[in-house]
Structure formats: C-alpha cells, structure tokens
Amino acid sequence: MRDLSTEVKVGAVVVLAIVILIYGVIWIKEYRFNVENYTYTAGFPQVGTLEVGDPVAVLGVDKGEVSKIGLSGNTVRVTMSLTTDVKLKADARMTVMNVGLMGERFVAIWPGESEQALDLSLPIMGKYDTGIPEVMGMMGEAIEDIRQLVYQLEGTVGEKGKAEEIRQIVVALNEITANTDAFIKANQQTMTTAVEDISQAAGKMRQFVDTNSADMEKSISNFAEASVKLNEISVRLDDISRQVSEGEGTLGKTLADDSLYYDLRSAITNLDSLVTDFKKNPKKYVHLSIF
C-alpha cells in the first residue's frame, strides 16, 4: 500500500507539473481560450529581421502575431493573425518597426478613423521603419566611403609634382588674402567716407521724396491722364486711317474716286491750253478802247 501511495503521489505531482507547464506556455504566449482570430495580409517594401511568430501591436497593445511571410515580386507579403476585436478602417496604416537593440521587429498597426471598414481582401502597402542595425550598417558604409576618399587624397598628394602644386596654391591664396587685407587697411578711410556719402545721398533722396510726394503724385496723375488722351487720339487716328483706306467719309470717297483725278487732270490741261492761247492771242481776250 505504501508503494502504491507513493506512486500515486508521484503521478499526481507529474500531472500537476504538466498542467502547470501547459498553462505557463499558454500564459507566456498570451493565448486565451475561446478567442477568435482572423487573418489579414499586407505588403511591405522590406521587413528586416521580422519572423513568423513576432508580435503585432495595435496602438501599442499586443493583438496578434505574424503567421506567414513571403515574397510577391518586389514586395514582401506579411500575413498577420489578429483578434476579432481589432476593427481596421479604410485609412489604417501598418509599419514594421524596431523593438530592441538586437534588431527585434514587430508590426505596428494604427487602425484608422474612417467610417468605412477596410476591405480585408485587398492588401494595403505598409512602411518599413529603419532600426538601429540598419543605421549602424549605413554608418559602416559611410565610414568606408570616407576611408576610400582619404586613400584617394593621399594618392593624389603623394603623386610627383602634386604636393608642390598644392603648396603653390596655398602660397597664392595667402598672398591674395594678405593683399586684400592691406588694401582694405590702406583705403579704410576712403571706403568709410564712400559709405557715409552713400548713406547721406540715400537720406537726401528719401527727404526729397517725402517733401515732394504730393507734387510727384500729381505729376504721375497728369501723366496718366495724358497717356489716356494720347491713347484716345491714337484710336481716333486709326479709325480715320481705316475710313480713308476703306473709302468711307468725304475724304475717303474723294481719294477713292478715280473720276476726280481725271477731272482735275483735264482741268489742268484746259487751263494750260488757255494760258498758251492767251499768250499767242492776247487781243482775243483783252480789249482796250480809249474814248
């Protein structure tokens, strides 16, 4: 009986340990009995170190996990298992984010505020947040680029004649700087006087404008009126020119009538004949009688 009692106790302890282990695993994984889930697939440009089983957080609250990761062209398709209390809207946003120094990842979801629900059959395109590992990698690439630049500079300076050319450039720059400084010091008074003269001239110009602002406004107004009148005269002259060219009005009809030209020419011819005849036979036209 004692052996049987001992075996029962050992069996009970083992069963209890197994139950506690199972419950602990369920508690660690944060599963709950009778909790329904649904799946949704989103696209991302890349996912870094995201793996199946990584958490999915909605507004910072753990509401699911990554159940599948696959490629679709140049896009990474991530299938997530979410609890049914997560209501995704049409303006929902998803981001693969960094959660630790070692590159751990999770999917962060902002459910949205739209009145329209998200179509779960159409995947949205999420974003990828650069984490510390990626930043460190980019810093490594930048350091390598800087190292290559230093090598190139060392090679350039180390070439025959290059060091002397650089030295001459530096000497020339020093001479230019020294000459400029000497010029400024030698002409400092002149430059100061010039600046003061410019300032005084600007002050006088401002004073002149303030004093004669009324006259200037009147002149501008008169000029504007004269411009309007000149414009009216120009329009009128254009109209007269058009009428003349089209044969309208007295002048236009006169210039456009060919008979006037021939009548004038005939009258001139007759007058010329009359003058000629008058010179030949003056007595025909002039009669002088005394008493």
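Numbering (this note's numbering), first residue to last: 770 to 1060.
Don't be surprised by glycine CBs; every beta carbon is placed ideally from N, CA and C.
For residue j and residue i, the rounded distance between their alpha carbons
| i | j | result |
| --- | --- | --- |
| Gln937 | Asn843 | 54 Å |
| Val865 | Glu944 | 58 Å |
| Glu820 | Ala781 | 39 Å |
| Met894 | Arg846 | 9 Å |
| Val835 | Ala811 | 11 Å |
| Ile787 | Leu889 | 39 Å |
| Val783 | Gly822 | 30 Å |
| Thr959 | Gly972 | 20 Å |
| Lys1049 | Arg1034 | 23 Å |
| Ser1042 | Arg1011 | 39 Å |
| Val964 | Ala970 | 10 Å |
| Lys837 | Ala886 | 23 Å |
| Lys954 | Asp966 | 19 Å |
| Ser774 | Leu785 | 16 Å |
| Val816 | Ser841 | 13 Å |
Beta-ladder partner(s) of residue i, from DSSP
| i | result |
| --- | --- |
| Pro880 | BP columns for Pro880 are empty, so no partner. |
| Val845 | Phe813, Leu840 |
| Tyr897 | Val865 |
| Asn806 | Thr852 |
| Phe875 | Met866 |
| Lys858 | Ala886 |
| Gly780 | Answer is none; Gly780 lacks a bridge partner. |
| Val1004 | DSSP, once it has assigned bridges, lists no residue as partnering Val1004. |
Boundaries of the alpha helix (DSSP H) in which residue i is found, first to last residue
| i | result |
| --- | --- |
| Lys973 | 957–980 |
Own chain, CB closer than 6 Å to residue i, minus 5 neighbours either side, in chain order
| i | result |
| --- | --- |
| Ala877 | Ala826, Thr864, Met866 |
| Ile1059 | Below a pLDDT of 50, predicted positions are generally treated as unreliable, and Ile1059, at 48, falls in that range; no measurement from the model is reported. |
| Asp914 | none |
Start and end residues, beta strand (DSSP E) containing residue i
| i | result |
| --- | --- |
| Leu819 | Careful: Leu819 lies outside any beta strand (DSSP E) and carries neither H nor E. |
8 Å Cβ shell around residue i - same chain, five flanking residues per side excluded
| i | result |
| --- | --- |
| Thr980 | none |
Whole-number beta carbon distance between residue j and residue i, since they are thought to touch under 8 Å
| i | j | result |
| --- | --- | --- |
| Thr848 | Glu805 | The pair is not a contact, with the Cβ atoms about 17 Å apart (cut-off 8 Å). |
| Lys858 | Glu882 | 6 Å |
| Tyr807 | Leu851 | 6 Å |
| Arg874 | Val868 | 6 Å |
| Trp879 | Leu828 | 7 Å |
Residues near residue i in its chain [Cβ-Cβ closer than 7 Å; skip 5 each side]
| i | result |
| --- | --- |
| Ile860 | For clarity, residue 860 is Asp in the given sequence; the question names Ile instead. The answer, listed in chain order, is Gly881, Glu882, Ser883. |
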